[in-house]
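Participant: Chains as they are written, first to last, in this note's numbering: chain A, 1 to 264; chain B, 265 to 626. In this text, a Cβ means the ideal position worked out from N, Cα and C, and glycines have one as well. What follows is a single structure, and I will ask about it in a moment.
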Amino acid sequence: MTKRRGWLLGLSLGNLLFLYLPIAVLAVFSFNASSMTAQWQGMTLHWYRVMAEDAALLTALQNSLLVALVSTAIATVLGVSAAVSLERSPFRGHRAIEGALLLPLVIPEVMMGVALLLFFVIVKVPLSLVTVTIAHTAFNLPLVLVIVRARLRRLDPRLEEAARDLGATPWQAFRRVTLPLLKPAIVGAVLMAFTVSLDDFVVTFFTAGPGATTLPLKVYSMIKTGVSPEINALSAVLVLISMALIAWSLMFQRTQRRMYPFGH
Amino acid sequence: MGGPIVELRDVVKAYGVTRAVDHLSLEIRQGEFFSILGPSGSGKTTLLRLLAGFERPDRGEVWIEGRLMQEVPPNLRPVNLVFQHYALFPHLTVFGNVAFGLEMRGVSRHEIVSRVAAALEMVRLTGKQERTPTQLSGGEQQRVALARALVNRPAVVLLDEPLGALDQQLRQEMQVELKGIQERVGLTFICVTHHQGEALTMSDRVAVMDQGRALQVGSPREVYDRPASTFVANFIGISNFLTGSVDSVHGARCTIRVPNLPEIVARHRGGIGEGGRVSLALRPERLHLSREADLNGFDNAVPARVAKAIYGGHEMQYQLRLSDDVLWTARVPNDGTVERRFALDETVFVRWNADEGAILVE
């Protein structure tokens, strides 16, 4: 028993090292006084200052936040309504529609990027932040749908009936009973979608036009001209934000489990 | 009690090819505690859902308070349902749950507070207003569900297996309490249950249902003592049957001839003729066992062999073989006397009065 535990612990530690050591190295080197990436020359916050004063970088950050915010908002409204209508009033062919809605989750990102690019070219929409936002909405929607749907499925349909029985109209029942019970899932989905949008490179790469540079695209272009410790600093900040958002999202999904320990 | 507050007229509701409710007509009177008793799948829950408005009848009409309910959605019906597993809102407190119906109807805050308090007092939950449902025991959740319905003062309270999730002891306490509450508020209760004891204890009238039909409607005493069919008799806990033909009829009494047994004297309520096939249904606790063959004041004494003796604490249960194809059960209170204990394979005489039991026309 203990022997097996030790073996499992070792394996887990190995996994963690494999996953997080590169990130840790990156974070450490963001404090490196040397402009050469691989050589340690003492502590400094210099690169963080450089980053904060880089106007192009700040614009990219602004773009990223804007795209993430708008695409998450649209995806949330559409995803929640889709989840509710698929779960509560299944219509003919709802399985096919559901499959189609979830497809972006499994399609390779490159293909999705290319497809969206082709689509925008065919309908003659110039590439800009708008097309990036549309593209992000496309992959955020199934994400929201899956998370909210899972919660909805475990929700007792009799709760809505009870509300109706107590005098609530269908809308009141949704507003006063279903929506509050879905809240943890929706908040979790929002944070997840926001993070994914903020971090996305591939789809953005294909759908962004000139001037529509998001943070990941900016980082990529900076690397092309040589790796500066400024990128390390930026990456460290990005990783930190992403991890915080994911942790927050998971926390919300856990609250929902605590609220219904019997899982009905 | 008064005229009908709920009326079902020839209601049919089918799911696919199964008819959950099959040409059912019922009248439920103002202020009565009406139970619908039946096994699972008998259509009793569908019946409640038809009354609550979650289902629409394929045929027939549902009337509540003299209004046809065909086009009335659940939120506008003068009924409230106590759900089987309560369906309490997990995100609201006890207060929030009970206040929900009043809020939906736009009752003033001031009135809500006092009415919720009164409802919670009625179900003895004062002081637990701020708890959430998961912090309550099963019995308390059941009371919240009841208060949530009662607080709206609906014309009819519908209860779906209200005590089904409670343990045996709590269940018996709540039977008495539920009936008490119903009498105090004076509302009409329609209760669905598969538990015959529960239905008999609480109800003013009982409908026994099977396969979407009401087989018998009557007071608990009528249903218990005079079941109208073999199914009702079986369901209400009668396990002893004899099938034979009517030999003679003298006034309220008749004699029945059963193969390989002495003639049986029974009381009938009409509807039989000489030579007709009938069944006699007898309750296990109404049989008297003795080693003596004489009638000793009873009308019938039939010899039987003890096939099984089961010790049940407060009573002994005997399986008795009367003939090759008749096996009966008798329950004998355990009063501690040796003379009432019978051994396996012993021959005993089963004695009972003609007034006991019910004649069912086949």
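(1) Compare the C-beta of P268/B against all C-beta atoms of chain A and say whether one is closer than 8 angstroms.
(2) Can you list, in chain order, the residues of its chain whose CB lies under 6 angstroms from that of H578/B, leaving out five sequence neighbours each side?
(3) Hey, L479/B and A409/B: beta-carbon distance below 8 angstroms or not?
(4) Mind checking the stretch 343 to 376 of chain B against chain A and listing, in chain order, the residues whose C-beta falls within less than 7 angstroms of any C-beta there?
(5) DSSP three-state label for T231/B, please.
(6) Does DSSP put S228/A in a helix, in a strand, or in coil?
(7) Taking a contact to mean a Cβ-Cβ separation below 8 angstroms, would you say K308/B touches M473/B in this structure?
(8) Starting from the C-beta of I246/A, find all residues in its chain whose C-beta is less than 7 angstroms away, skip the five residues before and the five after it, and write them out in chain order.
(9) Can a CB atom of chain A be found closer than 8 angstroms to the CB of N416/B?
(10) On the criterion of 16 or more Cβ atoms from any shown chain inside 10 Å, does G263/A qualify as buried, or is it exposed?
(11) Between which two residues does the beta strand (DSSP E) harbouring E291/B extend?
(12) Which same chain residues, not among the five before or five after R164/A, have their C-beta less than 8 angstroms away from its C-beta?
(13) Hey, is N339/B's beta-carbon within less than 8 angstroms of any beta-carbon in chain A?
(14) Please say whether V614/B and A568/B have beta carbons closer to each other than 8 angstroms?
(15) Are there three or more Cβ pairs, one per stretch, closer than 8 angstroms when the stretch 174 to 187 of chain A is compared with the stretch 129 to 137 of chain A?
(16) Give every residue of the same chain whose Cβ lies closer than 7 angstroms to the Cβ of N617/B, excluding the five residues on either side of it in the sequence, and list them in chain order.
(17) How about L553/B and F606/B: do their beta carbons lie closer than 8 angstroms?
(18) I'd like the span of the alpha helix (DSSP H) that includes F194/A, first residue to last.
(19) Report the residues of the stretch 491 to 525 of chain B with a CB closer than 7 angstroms to any CB of chain A, ordered along the chain.
(20) Could you spell out the range, first to last residue, of the beta strand (DSSP E) harbouring Q583/B?
(21) Chain A beta carbons: is any one of them nearer than 8 angstroms to that of A419/B?
(22) Are the C-beta of V84/A and some C-beta of chain B separated by less than 8 angstroms?
(23) Leaving out five residues on either side along the sequence, give the residues of the same chain with a beta carbon under 8 angstroms from the beta carbon of R517/B.
(24) What's the gap between the Cα of D511/B and the Cα of R448/B?
(25) Excluding five sequence neighbours on each side, which residues of the same chain lie with their C-beta closer than 7 angstroms to the C-beta of G402/B?
(26) Among residues of its own chain, excluding the 5 on either side of M265/B, which ones have a beta-carbon nearer than 7 angstroms to its beta-carbon?
(27) Would you list, in sequence order, the uninterrupted alpha helix (DSSP H) runs of no fewer than 4 residues that lie entirely inside the stretch 361 to 440 of chain B?
(28) From the DSSP output, in three-state form, read off G93/A for me.
(29) Using the three-state DSSP reduction, which class does F120/A fall into: helix, strand or coil?
(30) So A316/B contacts chain E; which residues on that side make the cut at Cβ distance below 9 angstroms?
(31) Is DSSP giving F318/B helix, strand or coil here?
(32) Taking Cβ-Cβ distances shorter than 7 angstroms, what residues in chain B pair up with A168/A?
(33) Could you give the distance in angstroms between the alpha-carbon of P261/A and the alpha-carbon of I241/A?
(34) Rounded to the nearest angstrom, what separates S85/A and E98/A at their Cα positions?
(35) When the cut-off is 8 angstroms and only beta carbons count, does R158/A lie next to chain B?
(36) When you compare each of L19/A, T178/A, I107/A to V202/A by their alpha carbons, which one comes out closest?
Facilitator: In short:
(1) no
(2) N598
(3) no
(4) N344, L345, F347, A351, F353, P354, H355, F364, G365, M368, R369
(5) The structure shown has nothing for residue 231/B, since chain B only spans 265 to 626.
(6) coil
(7) yes
(8) T195
(9) yes
(10) Legend: pLDDT at G263/A = 36, less than 50; position of this residue unreliable, value from coordinates given subsequently. So G263/A ends up on the exposed side.
(11) 282 to 293
(12) P170, A173
(13) yes
(14) yes
(15) no
(16) F562, D563
(17) yes
(18) 179 to 199
(19) none
(20) 579 to 587
(21) no
(22) no
(23) V529, A530, R531, H532, A618
(24) 51 angstroms
(25) A429, L430
(26) Note on M265/B: pLDDT 48, under 50, position unreliable in the model; the coordinate value appears next. These residues qualify, in order along the chain: R293, Q294, G295, E296.
(27) 373 to 386, 402 to 414
(28) coil
(29) helix
(30) Going by chain labels, chain E is absent from the structure shown, which instead holds the protein chains A and B.
(31) coil
(32) N339, M368
(33) Residue confidence for P261/A is low, a pLDDT of 42 falling below 50, so the modelled location carries little weight and cannot support an answer.
(34) 11 angstroms
(35) yes
(36) I107/A
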